[in-house]
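According to this note's numbering, the sequence shown is numbered sequentially starting from 1.
Each residue gets a CB set at the ideal place from its N, CA and C atoms; glycine is no exception.
For reference, the structure discussed in these notes is given below.
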Amino acid sequence: MPVKSVMREFLLSRRLPVALALLAMLLVLPSLWTGFQLDDYFQRYFLLGNTGVDGRNVSASDLFDFLDGDPGKMSALRDAGLVPWWTFDRLKISFWRPLTGYTHVFDYTLWPGQPVLMHGQNLLWFGALVWIAALLYRRFGRTGSAVLAAGLAAFLFAVDESHGLPAGWLANRNALVAGVFGMLALLAMVKTHTDRWRPGWYLGPAALAAGLLAGESTLGVTAYLFSYALFFVEGGFWEKTRSLFPYALVSLAWMALYHGLGYGVFGSGFYVDPISEPAGFLRAVAVKFPILLLDQWTLPVSSLFVFLDTVPKIFFWCVAVALLAGIGIVLSPLLRGDRTARFWTVGMLLSIPVICTTVPHGRLLIFTGLGGAGVLGLWLGGMWDREWWTESYGIRVKFFRGTAYVLVLFHMVAAPVLLPLNSLSGVSTARFVQDPAERMLLPAGIEDRTLVLVNPPLFFFAQQIPPVRFLNGQSVPGTLRMLAPGDQQVRLTRLDEKSLKISTTDGWITSPFDDVFRGPDDPMSAGDTIRLKGMSVEILRTTPDGRPAEAIFLFHHPLESGEFYWMKWEADGYVPFELPSPGSTIEISALDFFS
């Protein structure tokens, strides 16, 4: 049987939803052995019976409540060395995700030392996500060529490479749980209005509430609820509004509780809160919208955007807008003639602002991908079956067919290869986090001393040294101090027995990961002094945008005293650092940590 016929039979099969769920799980199966990564260490640290720095017990509801904006608690975190010295005093990064938190409690109650089983739970959520998405597509493709289009859409969603990181990273499970319940809410609404399924009036809003308690990204499905009411709910304005009312009530109640209980973000350059920072949010949408949409339609490019300088970013943005305009032209005949295509497209576009609240990355595209795969499945299916609207291409038919081949290459050839690779991508952080932390040769008694890291690769990575070592049963330094960024050339001058002057080529806070702790709307000034336990930092000079460029580090004890143990990053780990003599200066070269 020809390959084309076999593929068509597979896409039309009634067993397709289950088959695609199993295929998706099989593709990311290697992630079972990726172990713990990044935030997983802090979650382990707190869920295995430890308390936070401020002494409170951490519950499932608090698992994503990282920083609450309290300057007193921030001072305690800085004193312990769990955040950089330049962290914003009122920084808040606090997410309310109790339902996802309980899934992690489940893991740490039944198999606390078995990451393979924890990743197994991730795979089950991922399989459920693909299965429900396939059922959704089937609801819009029950007859004729629409069945083929629904099968294509389900396949495109199942193998979408952007799902790899949520499937393979334990701490990102919230995206999968939110996706499952969000899509259940949409499925319930569709069944309510197509099958007159009365339980859907209650189960749909209940599923939406569960999704919102799993993760904020569930708000993305409200774009599809609105789009469905717009294009498919029969009647006028009031009938459409009535269909949305229960979902709007749930969303508004959740927002009121979310902010009323003190959750949200503030002061971070990595996140932006639409409620407390509306101007910043609108700027973020303007910049990130085309980047994220391009990622959905081509290859995973959004994660590269944040590492570019200003001029390349502008060029990238302009290229993204141009390419998306071309894709819009290609889709226009379908959109004019098919309301299902318009439904998926409007939902896709309206879901993007929800994920503009953080740095652009493919892992955010679960709900955007639902509509993207839906409309692309319709377009490819129409091209395959030469639907009536393809006749409007006229003399442009070769260009449109060429576009079809390119999109097939991206989404049906490259994506299934990239999906398993993305599910393993978190493993690359091991060389900066767990490996160097475990290999550190620390002296006896370090529990009562301060470990000073002169040039850690990233502050975001170095702060995880205490939980990694604690969970491995290794000695943990009493206090951690992180001085200068390792990705910059550092000029270090020993002023006297207790103080150092440090300057860098481009200042501190140069990495997107540094932006987690302080955003551009909260600049620092020359003369600012940050006081920590056993040390103070006085900023001598800043960059034009308010980042420290030169500072004096004054320690309360002589630098060579037994109070401190000094290390620097060299090659692929930390080695002892020999302090210069008073009055002398040394240069530490910038290291390319990502080569």
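Residue environment, residue i, which counts as buried when at least 16 other CB atoms sit within 10 Å
i                : result
serine 227       : buried
arginine 339     : exposed
arginine 15      : exposed
isoleucine 314   : exposed
proline 582      : exposed
phenylalanine 66 : buried
serine 657       : Absent from the structure is residue 657, since the part of the chain shown begins at 1 and ends at 595.
valine 413       : exposed
valine 116       : exposed
isoleucine 596   : Because the chain in this structure spans residues 1 to 595, residue 596 falls outside the shown range and cannot be described.
tyrosine 137     : buried
isoleucine 275   : exposed
proline 199      : exposed
valine 311       : exposed
tryptophan 33    : exposed
serine 251       : buried
phenylalanine 42 : buried
tryptophan 201   : exposed
aspartate 309    : exposed
glycine 381      : buried
threonine 585    : exposed
Helix, strand or coil at residue i according to DSSP, with G and I counted as helix
i              : result
glycine 264    : strand
methionine 524 : coil
threonine 510  : coil
alanine 551    : strand
methionine 482 : strand
lysine 641     : Outside the displayed span of the chain (1 to 595) sits residue 641, for which this structure offers no information.
leucine 94     : A quick correction: the sequence has serine, not leucine, at residue 94. In the structure shown, serine 94 sits in a strand (DSSP, three-state: E or B).
valine 306     : coil
threonine 241  : helix
threonine 529  : strand
leucine 421    : helix
arginine 518   : coil
valine 620     : Outside the shown range of the chain (1 to 595) lies residue 620, about which nothing can therefore be said.
arginine 401   : helix
serine 251     : helix
glycine 55     : Note on glycine 55: pLDDT 45, under 50, position unreliable in the model; the coordinate value appears next. Correct three-state label for glycine 55: coil.
valine 408     : helix
threonine 505  : coil
Residue range of the unbroken beta strand (DSSP E) whose run includes residue i
i              : result
tyrosine 565   : 564-570
valine 537     : 535-542
valine 452     : 450-453
isoleucine 275 : Counting along the chain, isoleucine 275 falls outside any beta strand (DSSP E), and DSSP gives it neither H nor E.
leucine 67     : 65-68
threonine 585  : 585-588
glycine 573    : 573-576
Whole-Å CB distance - residue i paired with residue j, under 8 Å assumed
i                 : j                 : result
proline 520       : aspartate 545     : 6 Å
glutamine 488     : aspartate 506     : 6 Å
glycine 478       : aspartate 448     : 5 Å
tryptophan 569    : glycine 486       : 5 Å
threonine 358     : phenylalanine 270 : 6 Å
phenylalanine 305 : phenylalanine 289 : With 8 Å as the limit, phenylalanine 305 and phenylalanine 289 do not qualify as a contact, their Cβ atoms being about 12 Å apart.
glycine 179       : phenylalanine 343 : About 19 Å; that fails the 8 Å criterion.
alanine 153       : glycine 377       : 3 Å
leucine 186       : leucine 225       : 6 Å
Extent of the continuous alpha helix (DSSP H) to which residue i belongs
i              : result
tyrosine 224   : 219-231
methionine 412 : Neither: methionine 412 is in no alpha helix (DSSP H) and is coded neither H nor E.
glycine 25     : The identity of residue 25 in the sequence shown is methionine, whereas the question assumes glycine. Here the alpha helix (DSSP H) through methionine 25 covers 16-27.
arginine 44    : 39-47
isoleucine 465 : 465-471
proline 71     : 71-80
isoleucine 132 : 115-139
serine 162     : Element bounds for serine 162: n/a, residue is neither H nor E.
valine 180     : 173-194
aspartate 435  : 434-439
alanine 430    : No alpha helix (DSSP H) holds alanine 430; DSSP gives it neither H nor E.
proline 112    : Counting along the chain, proline 112 falls outside any alpha helix (DSSP H), and DSSP gives it neither H nor E.
glycine 200    : 200-212
Contact test: residue i Cβ vs the ligand NAP heavy atom, cutoff 6 Å
i             : result
threonine 100 : Of the ligands one can find in the structure shown there are none, so the ligand NAP has no counterpart to examine.
For the region 115-128 against the region 490-497, are there 3 or more C-beta pairs whose distance is under 8 Å?
no
With a cut-off of 8 Å, do at least 3 Cβ pairs link the region 525-541 to the region 551-568?
yes
Contact between the region 501-509 and the region 62-77 (3+ Cβ pairs under 8 Å)
no
Could you tell me whether the region 322-329 touches the region 176-193, using the rule of 3 or more Cβ pairs below 8 Å?
no
Inter-stretch contact at 8 Å, needing at least 3 Cβ pairs: the region 206-215 / the region 227-238:
no
Would you be able to state if there are at least three C-beta pairs under 8 Å between the region 343-358 and the region 161-172?
no
Evaluate the contact criterion for the region 84-95 versus the region 258-272: three or more CB pairs, one atom per stretch, below 8 Å.
yes
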